[in-house]
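**Student:** There's a structure below that I have some questions on.
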Amino acid sequence: MAFVKVGSVSQLTPGSVLEAEIAGNSYAICNVDGELHALDGVCPHAGGPLGQGALHGATLVCPWHAWEYDCRTGANDFDPDVKVECFPVKVEGGEILIDVPETGAEAPVAG
Ligand code: FES
C-alpha cells in the first residue's frame, strides 16, 4: 500500500464526491461533513462510476441505478454483504492522499 495524492481539499467541499484514477483503477473520495472517506470507484452492481455519484449524508448513490453505499464502511444499504472496498485517507498540506494497493513495478502517478 502507498499513499497517493488525488487532489486538494479545496476541490472537495462537504457533501461532494471526487473521482480519482490511479494506475487504471478508479476511486471515489467523499467528504461527509468534513470527514473524508475513500472507496473503490466501481459499483459492484454493474460497474457504475461511484466517483460520479451523489452524496446524501454519508450515503453514496451510484449514478447508474441508484444503489446506495455507506461511504464510511462501503456497505450497501439493502444488502450489507455487498461491499465496496474502503481505503485509508489523510490530508497533508491541503492535499488529499489515499492509501491504495501498489500495482506493480511502476509507482502510481497522481492524477
Ligand atoms: S451500476 Fe451501480 S447501481 Fe447499477
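Numbering (our numbering), first residue to last: 437 to 547.
Glycine residues also receive a C-beta, built at the ideal position from the N, C-alpha and C atoms.
For clarity, every value in this text was computed on a predicted model and none was experimentally measured.
1) Run the proximity test for His492: is its beta-carbon closer than 7 Å to any non-hydrogen atom belonging to the ligand FES?
2) Which ranges would you report for the beta strand (DSSP E) in the stretch 471 to 519 if only whole runs of at least 3 residues count?
3) Beta carbon of Cys466: closer than 7 Å to some heavy atom of the ligand FES?
4) Report the residue from Val468, Gly483, Lys526 whose alpha carbon sits nearest the alpha carbon of Lys519.
5) Identify, in the order they occur along the chain, each residue of the same chain with its Cβ nearer than 8 Å to the Cβ of Leu533, setting aside the five sequence neighbours on each side.
6) Around the C-beta of His481, are 16 or more other C-beta atoms found within 10 angstroms, so that it is buried, or is it exposed?
7) Using C-beta distances below 6 Å, list every residue in its chain close to Ala541, excluding the 5 sequence neighbours before and after it, in chain order.
8) Note down the Cα distance separating His492 from Cys507, rounded to an integer number of angstroms.
**Tutor:** Once the coordinates are examined:
1) no
2) 471 to 476, 490 to 492, 495 to 497, 504 to 506
3) no
4) Gly483
5) Phe439, Val440, Lys441, Val442, Val525, Lys526, Val527
6) exposed
7) Below a pLDDT of 50, predicted positions are generally treated as unreliable, and Ala541, at 47, falls in that range; the measurement from the model is reported next regardless. If we look at Ala541 and ignore the five residues flanking it on each side, it has no Cβ neighbours.
8) 10 Å
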